[in-house]
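>
Protein chains in written order, with the numbering used here: chain A, 1 to 472; chain B, 1001 to 1472.
(1) Considering only the alpha carbon of each residue, which of A:225, A:140 and A:321 lies closest to residue 471 of chain A?
(2) Hey, residue 1290 of chain B and residue 1352 of chain B: beta-carbon distance below 7 Å or not?
(3) Within 10 angstroms of its Cβ, does residue 85 of chain A collect 16 or more other Cβ (buried), or is it exposed?
(4) Going by Cα to Cα distance, which pick from A:168, A:167 and A:113 is closest to residue 512 of chain A?
(5) Just the C-alpha distance for residue 1145 of chain B and residue 398 of chain A, rounded to the nearest angstrom, thanks.
(6) Could you give the residue range of the alpha helix (DSSP H) that holds residue 1060 of chain B?
(7) Name, going along the chain, the residues of the region 44-61 of chain A whose beta-carbon falls closer than 9 Å to a beta-carbon of chain B.
(8) How about residue 1091 of chain B and residue 1129 of chain B: are their beta carbons less than 7 Å apart?
(9) Using the Cβ count rule (16 or more neighbours within 10 Å means buried), how would you classify residue 327 of chain A?
(10) With distances taken Cα to Cα, identify the nearest neighbour of residue 270 of chain A among A:61, A:285, A:368 and A:310.
(11) Would you say residue 351 of chain A reaches chain B, if we count a Cβ-Cβ gap shorter than 7 Å as a contact?
(12) Would you say residue 1465 of chain B lies against chain A (beta-carbon separation less than 7 Å)?
(13) Are residue 1260 of chain B and residue 1039 of chain B touching if we call contact CB-CB under 7 Å?
(14) Are residue 418 of chain A and residue 449 of chain A closer than 7 Å when you measure CB to CB?
(15) Report back the beta-carbon spacing between residue 1100 of chain B and residue 1420 of chain B to the nearest angstrom; my notes put them in contact at under 8 Å.
(16) Taking all protein chains shown into account, do 16 or more other C-beta atoms lie within 10 angstroms of the C-beta of residue 1205 of chain B, making it buried, or fewer, making it exposed?
(17) Does chain A have any CB closer than 7 Å to the CB of residue 1421 of chain B?
(18) If contact is defined by three or more beta carbon pairs under 8 Å, each pair taking one atom from either stretch, is the region 181-188 of chain A in contact with the region 223-238 of chain A?
(19) In three-state DSSP terms, what is residue 299 of chain A?
(20) For residue 312 of chain A versus residue 346 of chain A, is the C-beta spacing smaller than 7 Å?
(21) Distance, Cα to Cα, residue 1429 of chain B vs residue 1437 of chain B?
(22) Of the residues that make up the region 1373-1392 of chain B, which ones have a beta carbon closer than 8 Å to any beta carbon in chain E?
(23) What whole-angstrom Cβ distance do residue 1163 of chain B and residue 1210 of chain B have, given they're in contact under 8 Å?
(24) Which class does residue 3 of chain A belong to by DSSP, given the choice of helix, strand or coil?
(25) Residue 1213 of chain B to residue 1165 of chain B, Cα distance in whole Å?
(26) How many Å lie between residue 1349 of chain B and residue 1355 of chain B at the Cα?
(27) Output needed in chain order: residues of the region 94-112 of chain A with a Cβ under 7 Å from some Cβ in chain B.
(28) Tell me, please, whether the CB atom of residue 21 of chain A is closer than 7 Å to any CB atom in chain B?
(29) Determine the DSSP secondary structure at residue 1068 of chain B, reduced to helix, strand or coil.
(30) Let me see if you follow: with CB-CB separation under 7 Å, is residue 436 of chain A close to chain B or not?
(31) Using a Cβ cut-off of 7 Å, pull out every chain B residue sitting near residue 238 of chain A, in sequence order please.
(32) Under 8 Å: do the region 335-344 of chain A and the region 289-304 of chain A share three or more Cβ pairs, one atom per stretch?
(33) Could you name the residues of the same chain whose beta carbon sits closer than 6 Å to that of residue 41 of chain A, not counting the 5 residues immediately before and after it, in chain order?
(34) Residue 1321 of chain B versus chain A: which residues are under 8 Å apart at the beta carbon?
(35) With contact counted as at least three CB pairs below 8 Å, one residue from each stretch, are the region 1217-1230 of chain B and the region 453-471 of chain A in contact?
(36) Beta carbons nearer than 8 Å to chain A: which residues of the region 1265-1281 of chain B have them?
Encoded structure:
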């Protein structure tokens, strides 16, 4: 296992922590949800209108009760995952409104796309968890689309999944519907089965929707991933240390609220902040600074003993070209090797979160597979050094026909399913296929090979009844 | 600065070292150059025919005299580089016979390509050193092509460069020609101005050509990069620990020879070993195991206190597609973050070393630029956290028009020259250019903008005279 990268010293971590404490105590942070203000005030946090002034002692108390590791339950117990420790849990892209196809054409995402992504997650050897809002289905009413997505998460896939956090009502619906799988929401009160993506609105604000969703998820014992996307030089300071101090203040405020609602409620720390390209004013998620911020953020989360979120296969490229490969690999590699426990946007994202792509999903899955291979130990033992074999082969001979080679080659080497490893002549003869084209075929194969996991008909009925009543 | 990744424990390093000692003492290693055997024997190493049996005490003595850091001089002193310590020196691809163009067509490489690569290195903000055999020019006689390449290295570029190591004679010619820049080879005796890429022939052999070149470079105070490319499961053990032990034995044998020839001769430790794809029997340089071996090899080199070589922008892709981006970034990122001091094949390679590509050169250069940015400190100081600005912006306001943003945005952010950071509509309006296409234009611009660095006419005359006499 890699010792992972270390960008900040202990002194740096303490300095950033102290700066965040000063921000929260002096400037305060706004929560536009009255119940959040009430909860803070009830626990002795100074409040003035929408703004609370959180002191270090409140943060410390919250950090004490927040778990460093917890299990996220799937409806198929074999698919349960553990968040925290040295575990790595991968989850697809989030929040895209569009689809980009193999020919770099763009179109609105629809519910069929969402279902296809559920099927890809279900058939993935690498992706552990299903998303929510992987794409925003344009063919469903905004008011009830989250119901369709939660339904799809439950019936098309049996892995753990994200709940909707677009509003307090969406959170309540997610909890009701997920609860049905376990016989009612009271049975998941002490059993996290979902995770909500909660984002502050930088600088120093939580919308009513986000704070309301956070409260519901915490209250029902479900996981809150407290994160944000701060744009250095736009919604946050231009210097990286300033950004790290400010985003830390925002995340700690949200985490404190979860623990005031329910001490011990599972929570994850982690941002996806990056820089703004000053030539275009555009978010640059393929920038190397994103990787630096990822590394520093994960270190900061570990400093607090919290499970850390990283993100992901990120790129500003508009299609699955070499740029997409370069940027996504840099971000994923850094995030994984920095020690992230949970990665959002692990696969699928194109065009700075604008769109998802099937080809990109499969390419990122390949990157994730390679990174998982690299996390396995080299395992230096006498048996594996195997001096006897080295001595028997000796000088100038070959290992290809050695019996040990046949024994170990399947387990020792990661075999890529889609990366080209043929010679140029063979590659040309087979039509000079670029990775993008191969992945289009691979996508079709995956969807064809998909089989729906069993689900009790009563559960499906309950879910359908709930949706009809709500969407009415 | 990242602490870099750590794949092996101290116990692992010692175990591998001991295994290598046992291999060298018991199996021995062949040198098919009689002078190498003589040198070993003269220093008390047991020799039997072509095989020497090197003991730990010989290795230890060599490691004592090998420098941990040294300067490599360029004909323009502003381009000098330091190898070792925490420095990172980047050098282009090596050994390709072909060129692959933007349309994935292949052709023989010619001398004009070689000169173009010299021009790209000269105009690079990222690549510190010129190569040798960046491509093997098909339009020059094999016997004298190295003379043309060394000439090109000297006159088209004023950065430090690789010498030829294809034979003892090529090494002698390189030393003579490089010497002319400094008034004669005796003036570079204590002043390394060149580096030779020396490879053992696994398992456990050094060809007459390589050993001869090594001896010449060491004797004249020039740098030997002692490396190899072992194919796990073909020319080396299938298990990674076995491969690491065996390749370490081979590298230590070569390093010992350099120090016997001239104690203190500059030397670099580092392999580019990887796995064999057992489905095709083909070298897989885009495999994640390459990155693991890179990390472990660099750790091993640091364990010995030697400057370490890593490699590079490696891929099995046959064209500049997403696969090329993914594999090259994974390998480069790992190698840089693992602590490599010198990176061969930093840019240009396609198709498992088959070919170089101008587009790939520029894409890899971009990856290297991003990695260099990531090596810069975040620099957490009170001034850079800048609580005053954070307090003055406060809650819900913006940083875009803050004076500090304008002051810092140029120095704080890495601005990519070629990566797309425009929105989809703009990108479509501008012709939906993929990275590959943009790099074709960028290449033409770079070549047009190139200006030849000054060189004294006497030096050029001397070089020409030497080549005519030799090639004549």
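In this text, a Cβ means the ideal position worked out from N, Cα and C, and glycines have one as well.
Concretely, from the data shown:
(1) On the first chain, residue 471 of chain A is found 471 positions in, with the first residue counted as 1. Ranked by Cα distance from residue 471 of chain A, the options A:225, A:140 and A:321 are led by A:140.
(2) Numbered from its first residue, the second chain carries residue 1290 of chain B at position 290. Numbered from its first residue, the second chain carries residue 1352 of chain B at position 352. Between residue 1290 of chain B and residue 1352 of chain B, the gap from beta carbon to beta carbon reaches 7 Å or more.
(3) In the first chain, residue 85 of chain A corresponds to position 85, counting from 1. It counts as exposed.
(4) The structure shown does not extend to residue 512 of chain A, since chain A is modelled only from 1 through 472, so no value can be given for it.
(5) Residue 1145 of chain B sits at position 145 when you count from the first residue of the second chain. Residue 398 of chain A sits at position 398 when you count from the first residue of the first chain. One C-alpha to the other measures close to 32 Å.
(6) Taking the second chain and counting its residues from 1, the one referred to as residue 1060 of chain B is at position 60. In the DSSP assignment, residue 1060 of chain B falls within the unbroken alpha helix (DSSP H) covering 1056-1065.
(7) Hits within the stretch, in order: 50 and 51.
(8) Residue mapping note: residue 1091 of chain B aligns to position 91 of the second chain, counting from 1. Residue mapping note: residue 1129 of chain B aligns to position 129 of the second chain, counting from 1. Their beta carbons are under 7 Å apart, which means residue 1091 of chain B touches residue 1129 of chain B by this criterion.
(9) Residue mapping note: residue 327 of chain A aligns to position 327 of the first chain, counting from 1. Result: buried.
(10) As a working note, residue 270 of chain A is residue 270 in the first chain. Proximity to residue 270 of chain A across A:61, A:285, A:368 and A:310 peaks at A:310, based on C-alpha coordinates.
(11) Mapped onto the first chain, residue 351 of chain A falls at position 351. Chain B, which has a Cβ nearer than 7 Å to the Cβ of residue 351 of chain A, makes this yes.
(12) By one-based count along the second chain, residue 1465 of chain B stands at place 465. Not an interface residue.
(13) Indexing the second chain from 1 puts residue 1260 of chain B at position 260. Indexing the second chain from 1 puts residue 1039 of chain B at position 39. Residue 1039 of chain B sits close to residue 1260 of chain B, with the two beta carbons spaced by under 7 Å.
(14) Within the first chain, numbered from 1, the residue matching residue 418 of chain A stands at position 418. Within the first chain, numbered from 1, the residue matching residue 449 of chain A stands at position 449. No. Outside cutoff.
(15) Along the second chain, read from residue 1 onward, the residue named residue 1100 of chain B stands at position 100. Along the second chain, read from residue 1 onward, the residue named residue 1420 of chain B stands at position 420. Between residue 1420 of chain B and residue 1100 of chain B the Cβ distance is about 22 Å, and since that is not below 8 Å, they are no contact.
(16) As a working mapping, residue 1205 of chain B is identified with position 205 in the second chain. Classification of residue 1205 of chain B: buried, given that the 10 Å Cβ count is 16 or more.
(17) Counting from 1 along the second chain, the entry for residue 1421 of chain B is found at position 421. Contacts with chain A at 7 Å (Cβ-Cβ) include residue 1421 of chain B.
(18) Between the region 223-238 of chain A and the region 181-188 of chain A, the count of Cβ pairs shorter than 8 Å is below three; the stretches do not touch.
(19) For this step, residue 299 of chain A is matched to residue 299 along the first chain. Helix, per DSSP.
(20) On the first chain, residue 312 of chain A is found 312 positions in, with the first residue counted as 1. On the first chain, residue 346 of chain A is found 346 positions in, with the first residue counted as 1. Yes. Within cutoff.
(21) Position 429 of the second chain, counted from the start, is the residue given in the question as residue 1429 of chain B. Position 437 of the second chain, counted from the start, is the residue given in the question as residue 1437 of chain B. Spanning the two alpha carbons is a distance of roughly 15 Å.
(22) You won't find chain E in this structure, because its protein chains are A and B.
(23) Locating residue 1163 of chain B in the second chain gives position 163, counting from the first residue. Locating residue 1210 of chain B in the second chain gives position 210, counting from the first residue. Contact doesn't hold; Cβ gap of about 13 Å is too wide.
(24) Indexing the first chain from 1 puts residue 3 of chain A at position 3. Per-residue confidence for residue 3 of chain A stands at a pLDDT of 38, beneath the threshold of 50, marking its modelled position as unreliable; the derived number appears in the next sentence. Residue state, collapsed to three classes: coil.
(25) Locating residue 1213 of chain B in the second chain gives position 213, where the first residue counts as 1. Locating residue 1165 of chain B in the second chain gives position 165, where the first residue counts as 1. Going by C-alpha positions, residue 1213 of chain B is about 5 Å away from residue 1165 of chain B.
(26) Here residue 1349 of chain B corresponds to residue number 349 of the second chain, with the count starting at 1. Here residue 1355 of chain B corresponds to residue number 355 of the second chain, with the count starting at 1. The straight-line gap from Cα to Cα measures roughly 6 Å.
(27) So the list reads 104 and 106, given in the order they occur along the chain.
(28) The residue you call residue 21 of chain A lines up with position 21 of the first chain. With its beta carbon at least 7 Å from every one in chain B, residue 21 of chain A lies outside the interface.
(29) Numbered from 1 along the second chain, position 68 holds the residue referred to as residue 1068 of chain B. When DSSP states are grouped into helix, strand and coil, residue 1068 of chain B belongs to the coil group.
(30) Residue numbering aside, residue 436 of chain A sits at position 436 when the first chain is read from its first letter. So, interface residue.
(31) As a position in the first chain, residue 238 of chain A is number 238, starting the count at 1. Chain B residues near residue 238 of chain A: 1399, 1404, 1405, 1408, 1409 and 1412.
(32) Here the region 335-344 of chain A lies against the region 289-304 of chain A, with 3 or more beta-carbon pairs under 8 Å apart.
(33) Here the question's residue 41 of chain A lines up with position 41 in the first chain. Correct list, in chain order: 47.
(34) Counting from one through the second chain, the residue named residue 1321 of chain B turns up at place 321. Chain A residues near residue 1321 of chain B: 321, 322, 325, 434, 435 and 436.
(35) With the rule of 3 Cβ pairs closer than 8 Å, the region 1217-1230 of chain B does not count as touching the region 453-471 of chain A.
(36) Residues passing the 8 Å Cβ filter: 1275, 1276, 1277, 1278, 1279, 1280 and 1281.
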